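A.B. asks: Got a structure for you, written out below as C-alpha cells; questions coming shortly.
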Amino acid sequence: MSQTSPAGSAPHPDDPAPPATEATEATEAIPDCSNCGQPLAAAGEGARYCPSCGQRVTEGRLTLRQLARALEEHLLPGGRGFLHTVLALLRSPGGVVREYTGGRRRAYVNPLSYLFVTAATSLVLFNLIGGFDTDQMRAQLAANAEATQPGISAAQIERSVEVQVKMFQHATTLSLLLGIPLTLFLRLTFWRTLNTAESLVFSLYLLGQVFVLDLATYLLFLLTEDVTWHTATTQIIYLVTAIWFGATFQRPRWLGALKALAAFLLAFLVFAVAVTTALSLYLRA
Numbered sequence: 017m018s019q020t021s022p023a024g025s026a027p028h029p030d031d032p033a034p035p036a037t038e039a040t041e042a043t044e045a046i047p048d049c050s051n052c053g054q055p056l057a058a059a060g061e062g063a064r065y066c067p068s069c070g071q072r073v074t075e076g077r078l079t080l081r082q083l084a085r086a087l088e089e090h091l092l093p094g095g096r097g098f099l100h101t102v103l104a105l106l107r108s109p110g111g112v113v114r115e116y117t118g119g120r121r122r123a124y125v126n127p128l129s130y131l132f133v134t135a136a137t138s139l140v141l142f143n144l145i146g147g148f149d150t151d152q153m154r155a156q157l158a159a160n161a162e163a164t165q166p167g168i169s170a171a172q173i174e175r176s177v178e179v180q181v182k183m184f185q186h187a188t189t190l191s192l193l194l195g196i197p198l199t200l201f202l203r204l205t206f207w208r209t210l211n212t213a214e215s216l217v218f219s220l221y222l223l224g225q226v227f228v229l230d231l232a233t234y235l236l237f238l239l240t241e242d243v244t245w246h247t248a249t250t251q252i253i254y255l256v257t258a259i260w261f262g263a264t265f266q267r268p269r270w271l272g273a274l275k276a277l278a279a280f281l282l283a284f285l286v287f288a289v290a291v292t293t294a295l296s297l298y299l300r301a
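If you count by my numbering, then the sequence shown holds residues 17 to 301, one letter each, in order.
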C-alpha cells in the first residue's frame, strides 16, 4: 500500500496525480505552432496567429482555400494577400494604418511592398496602352498655355511644355519620391499620434492606394485622349484619398481629414516647386 507524503515534503512516486483542472485541460488542448514549435497557449484559446512567428493557426487537413491563400502569400508579399489589403484600404485606410503600426502586421501587405507592386502595375498598364502621344501632348499643353497666359512668349511656352512633358514621362518615379516630403509633413501634422516610422507607413499606403485608384484614369484617357482631363482626375484622386485616410485614422473625422489634407498639400507644393525648378535648370543647361 502506498503512503501519502507528509505536507510540505516532495510527492511520493506512488502518490496519485492531482486531478486536472479546467484551466490545465484547456492549456493542454492548445497545440504548439506547426511552424516554429512554440506553445500557442500564451496567445489564448481561439488565437488565429502564432505570437512568435505570425504563422496562421490551422486545424484539420489541408483545404483548397488554405492552398490558395498560401499561394497568394508567396506570390505577393503579405500575410493575407494583396486583394485583402486593397479592399481594407478602400473601406478604412486609417484603420489599416492604426492596426499595422499597432503590431497587427501579418494581416496586411508590407506598405513598401504594396507601393512598389501598385507602382509597377500602373507602369506596366500605362505602357500596354501605348503611353501618351508626346506630339499631341505638346500641342495640347502649348494651346492651354496660350489660352490661360496671354502675352507669354514662344520661348516660355516651349520651356513650360518641355517641363510638363518630362514630368508626365517620369510620373511614376516622381510619385514615389513624393513620399519623402509627405512623410515629413504627416509627422508634423500628426505629431502627437505618429512617429517618423509610422508616418512613413501612412505615406506609403496612401501613395500605393493612389496608384490603385489611378488605374481607372487610364480608361478615361483611352476614351478622351486628353492629357488635361487625366491630370485633373489624378489630382482629385490624390486629394480625396488623403482626406479619406485622415478621416478614418483620427477622430473627430473632420480634424483627421484636415490634418491629412494639409500634409498632402504642403508636401505637393514643396515637391512641385523643387521638381519644376530642377527640370527648368536641366532644360536650360
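In this text, a Cβ means the ideal position worked out from N, Cα and C, and glycines have one as well. Bear in mind that the values here come from a model prediction, so they are computed numbers and not experimental data.
From D48, N51, V289, C52, pick the residue whose C-alpha is nearest to that of P197; which is it?
C.D. replies: For P197, the nearest C-alpha among the options comes from V289.
A.B. asks: Short of 8 Å in beta carbon distance, which residues of its chain neighbour L277, apart from the five on each side in sequence? Order them along the chain.
C.D. replies: L255, A258, I259, G262
A.B. asks: Go ahead and pull the three-state DSSP assignment for P109.
C.D. replies: helix
A.B. asks: Within the continuous alpha helix (DSSP H) that includes R203, where are the two ends?
C.D. replies: Segment 195-205, the alpha helix (DSSP H) holding R203.
A.B. asks: Can you tell me whether DSSP reads Y124 as helix, strand or coil?
C.D. replies: coil
A.B. asks: Check each candidate in L223, V177, G118, R208 and name the one with the smallest Cα separation from V102.
C.D. replies: L223
A.B. asks: Taking the CB atoms as reference points, tell me whether Y221 and V133 lie closer together than 9 Å.
C.D. replies: No, the pair does not count as a contact, with Cβ atoms beyond the cut-off.
A.B. asks: Measuring straight from C-alpha to C-alpha, what distance separates L285 and Q225?
C.D. replies: 20 Å
A.B. asks: Skipping 5 residues on each side, what residues in its chain have a beta carbon closer than 7 Å to that of A39?
C.D. replies: Note on A39: pLDDT 45, under 50, position unreliable in the model; no value is reported.
A.B. asks: How many angstroms separate the CA atom of S108 from the CA atom of D230?
C.D. replies: Looking at the two C-alpha atoms, the distance is approximately 18 Å.
A.B. asks: Considering only the alpha carbon of each residue, which of L282, A294, E178, R120 lies closest to A155?
C.D. replies: E178
A.B. asks: Rounded to the nearest angstrom, what separates N126 and S138 at their Cα positions?
C.D. replies: Distance between the alpha carbons of N126 and S138 is about 18 Å.
A.B. asks: Is L202 closer than 9 Å to S215 when the C-beta atoms are compared?
C.D. replies: yes
A.B. asks: Are A283 and L200 touching if we call contact CB-CB under 9 Å?
C.D. replies: Contact flag set, yes.
A.B. asks: Suppose you measure from the CA of A248 to the CA of F227; what does that come to, to the nearest Å?
C.D. replies: 15 Å
A.B. asks: Out of L131, A232, E174, T244, which has the shortest C-alpha to C-alpha gap to T188?
C.D. replies: L131
A.B. asks: From L235 to I253, what distance separates their C-alpha atoms?
C.D. replies: 15 Å
A.B. asks: Using the Cα positions of G118 and Y65, report the straight-line distance between them to the nearest angstrom.
C.D. replies: Near 15 Å, if we compare the C-alpha coordinates of Y65 and G118.
A.B. asks: Relative to the C-alpha of E115, which candidate in S296, F218, F98, A279 has its C-alpha closest?
C.D. replies: F218
A.B. asks: Can you tell me whether K275 is buried or exposed? The criterion is at least 16 other CB atoms within 10 Å of its CB, across all chains shown.
C.D. replies: buried
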